[in-house]
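Protein chains: 2
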Amino acid sequence: MESPSETTPARWGSLPSWLLTQTAGHAHRLVAEGFSSAHARGYHYRVLATLEEYGPASQAALGRRSGIHLSDMVATVNELADRELVERVPDLSDRRRNIISLTAAGKRQLRRLEKRLAEAQDELLAPLSPDERQRLTGLLSRLLDHHDRRTGTG
Amino acid sequence: MESPSETTPARWGSLPSWLLTQTAGHAHRLVAEGFSSAHARGYHYRVLATLEEYGPASQAALGRRSGIHLSDMVATVNELADRELVERVPDLSDRRRNIISLTAAGKRQLRRLEKRLAEAQDELLAPLSPDERQRLTGLLSRLLDHHDRRTGTG
DNA sequence: CGGATCTCAGCTCAACTGACATTT
DNA sequence: CAAATGTCAGTTGAGCTGAGATCC
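Sequences listed follow chains A and B, in order.
Take the working numbering: the final residue in the first sequence is number 181, and no numbers are missing along the way.
Take the working numbering: the final residue in the second sequence is number 181, and no numbers are missing along the way.
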């Protein structure tokens with residue numbers, strides 16, 4: 028994040044797809060910085076939040092609920108378990124499965140991450156009024172809904 | 028782009044940063060599909076468009092104008108030159124430099140890519156009325172402007 | 001010498017693919 | 001047997017870093 032432009036970007040600078048990917052880049056950066064200050068990444072937040080919302084679950088179920096691939100879930104749970112933010116115990120009634128659950132420390136970490144996340148939203152939307160923020164999220168929601176439906180990613 | 032959700036995403040599903048990164052993902056996918064149907068990627072379009080807009084230039088100048096890193100520019104120009112969409116000749120007045128220029132075939136390819144790009148915008152914004160499209164791009168432009176200024180990425 | 005240009009190798013991060021062993 | 005689960009290795013793509021050679 029430094030690159031100086033000799034002049035201006037160019038003629039694609041006002042295309043919706045460009046505006047979206049660029050603002051998303053800033054959004055991602057702000058959120059990642061917030062998480063990183065708590066030594067976490069997006070996957071960690073999503074797993075912790077999903078655990079709190081739905082309770083203990085197998086890694087496969089966690090993946091389906093949080094939109095994280097099974098193969099990435101392995102590493103993510105490893106990292107969370109190493110720091111004792113989640114507990115991983117074998118499921119006695121189905122020996123293929125692990126049961127992942129949130130620890131007290133995990134819940135505290137989740138609170139921290141939610142705070143960082145809220146701060147990032149505010150920094151992201153800083154130049155917009157409350158009304159405009161509402162309009163923006165409304166429009167984006169409709170776009171996302173439309174495309175999620177037609178790609179089956181909902 | 029297939030993953031089925033057991034239920035719904037989760038509580039982060041309405042956060043602006045999430046909406047932005049997700050819609051940006053769809054935007055990126057639509058554009059990449061369009062470009063790919065013309066055997067191109069985003070970097071190719073950006074270099075071709077920059078060449079048409081500013082005329083022949085060194086790779087370093089092209090990089091500054093299009094926001095592409097010098098190291099990525101090498102491969103991009105290689106690929107374009109292999110297909111004779113650009114011409115790369117040594118600058119006699121400064122032997123560090125190559126001068127890259129657009130060929131006739133390159134200009135034709137640029138027209139194709141612009142068409143694909145326009146189609147992708149339309150598909151991306153399909154669920155929105157002309158008015159709403161205007162509002163969305165206006166809001167995104169203000170966000171991008173704000174954050175570009177404060178990170179020096181303008 | 002400082003600074004610019006070009007090239008190459010490699011890295012990050014999120015997302016994804018394929019293969020495999022085990023269990024149901 | 002087919003299907004689900006967990007694990008591991010590897011790939012993609014855009015963006016970035018670092019090192020080096022050459023030249024101004």
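Where is the CB? At the ideal position from N, CA and C, for every residue including glycine.
Quick caveat, the model's predicted, so the values are computed rather than measured.
Among the bridge pairs identified by DSSP, R115 (chain A) is matched with A:I127. With a threshold of 8 Å between beta carbons, V113 (chain B) makes no contact with chain A. Counting only residues of its own chain and dropping the five nearest sequence neighbours on each side, A67 (chain A) has a CB closer than 8 Å to the CB of Q136 and L140.
Y70 (chain B) places its beta carbon 8 Å or farther from that of D109 (chain B).
In this structure, DSSP gives A145 (chain B) a helical state, which the three-state scheme calls helix. With the criterion set as a beta carbon lying under 7 Å from some beta carbon of chain A, the members of the stretch 163-176 of chain B are L163, T164, L166, L167, S168, R169, L170, L171, H173 and H174, in sequence order.
Contact between L78 (chain B) and L46 (chain A) fails: their C-beta atoms lie close to 23 Å from each other, not under 8 Å. Annotated as proximal: Q86 (chain B) and N125 (chain B), with beta-carbon spacing under 8 Å. For R38 (chain B), the nearest beta carbon of chain A is closer than 8 Å to its own beta carbon.
If you compare the alpha carbons of B:R115, B:R92, B:P154 and B:L107 with that of G133 (chain B), the shortest gap goes to B:L107. Among the residues of the stretch 62-76 of chain B, those with a Cβ less than 8 Å away from any Cβ of chain A are Y72, R73 and A76, in the order of the chain.
Of A:G94, A:Y81 and A:Q148, the smallest CA-CA separation from A54 (chain A) is found for A:Q148. Counting along the chain, T164 (chain A) sits inside the alpha helix (DSSP H) bounded by residues P157 to T178. Not a single CB atom of chain A sits nearer than 8 Å to the CB of E60 (chain B).
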